[in-house]
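> With the first letter of the sequence shown counted as 1, position 146 gets the number 491 in my numbering; the numbers rise by one all the way through.
C-beta: ideal position from N, C-alpha, C; glycine also.
Provided herewith is a single structure, encoded as structure tokens, for subsequent inquiry.
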Amino acid sequence: MIGEGAHIHDGPLAFCLDAEEPCHQTTVQEDAYLILPHTEDVNEQPVAIRFRPLMQAGGETIWLGEANLSADGEEEAWGYVVARKLKDTDLGVREYEVAVPDCSQATASELIRYGLEKDGPYACRVTDIDALTEYLRTRHAGDFADDAWWAAAR
Numbered sequence: 346m347i348g349e350g351a352h353i354h355d356g357p358l359a360f361c362l363d364a365e366e367p368c369h370q371t372t373v374q375e376d377a378y379l380i381l382p383h384t385e386d387v388n389e390q391p392v393a394i395r396f397r398p399l400m401q402a403g404g405e406t407i408w409l410g411e412a413n414l415s416a417d418g419e420e421e422a423w424g425y426v427v428a429r430k431l432k433d434t435d436l437g438v439r440e441y442e443v444a445v446p447d448c449s450q451a452t453a454s455e456l457i458r459y460g461l462e463k464d465g466p467y468a469c470r471v472t473d474i475d476a477l478t479e480y481l482r483t484r485h486a487g488d489f490a491d492d493a494w495w496a497a498a499r
């Protein structure tokens with residue numbers, strides 16, 4: 346687990362999860378950001394996400410985010426994302442694009458080395474946040490500086 350989260354921007358911000366959708370507004374909740382669903386998504390709940398700095402790439406800080414996606418009464422489930430600054434809007438809101446790095450290309454030895462467990466064709470369960478950090482730096486450093494990767498991963 347990330348532990349105490351870092352604030353990635355002093356001021357209003359939005360997270361852009363899908364290039365075809367409007368960005369999600371957020372509010373700060375202690376050391377996390379509460380990502381608010383769009384008003385038309387009446388069945389969706391806000392999601393709290395904590396961040397910590399991952400690395401520098403393409404002149405930007407890349408942030409590692411962690412969200413508890415567990416539903417009441419179900420097995421604990423965590424989701425991990427990376428984020429980077431997209432732009433500052435005319436209204437003073439900083440937008441961050443958010444992507445989900447997958448582990449589909451991880452070898453069996455990398456899965457063991459980095460404490461990852463395959464969970465479907467693309468997803469992995471994380472057993473050690475520091476090992477995940479090292480995996481992302483090793484496997485995706487070039488991707489994080491590539492606009493095309495961000496567009497595909499969103």
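Excluding the five sequence neighbours on either side, which residues of its own chain have a C-beta within less than 8 Å of the C-beta of D417, listed in chain order?
Result list for D417: empty, nothing under 8 Å.
> Which partner residues does I394 have in the DSSP bridge list?
Note: I394 sits in a beta bridge opposite Y378 and A412.
> In this structure, how does DSSP classify D292 when only helix, strand and coil are distinguished?
As shown, the chain starts at 346 and ends at 499. That puts residue 292 outside it, with no answer to give.
> Tell me whether T372 is buried or exposed, calling it buried when 16 or more other Cβ atoms sit within 10 Å of its Cβ.
T372 is exposed by the Cβ-count criterion.
> Use the C-beta contact count for G410: other C-beta atoms within 10 angstroms, 16 or more gives buried, fewer gives exposed.
The residue is buried, with at least 16 neighbouring Cβ atoms inside 10 Å.
> Tell me whether G350 is buried or exposed, calling it buried when 16 or more other Cβ atoms sit within 10 Å of its Cβ.
Label assigned to G350: buried.
> Closest by CA to T406, which one among C469, A497, A498 and A486?
When only C-alpha atoms are compared, the closest one is A486.
> What are the residues that DSSP puts in a beta bridge with L461?
Bridge partners of L461: V471.
> Of the residues L358, W423 and I353, which one's Cα is nearest the Cα of L436?
Of the listed residues, the one whose Cα sits closest to L436 is L358.
> State the beta-bridge partners of V426 as determined by DSSP.
Partner(s): G410.
> Round the Cβ separation of P398 and E389 to the nearest angstrom and send it over; I've been treating them as touching at under 8 Å.
At roughly 28 Å, the Cβ-Cβ gap does not stay under 8 Å, so P398 and E389 are not in contact.
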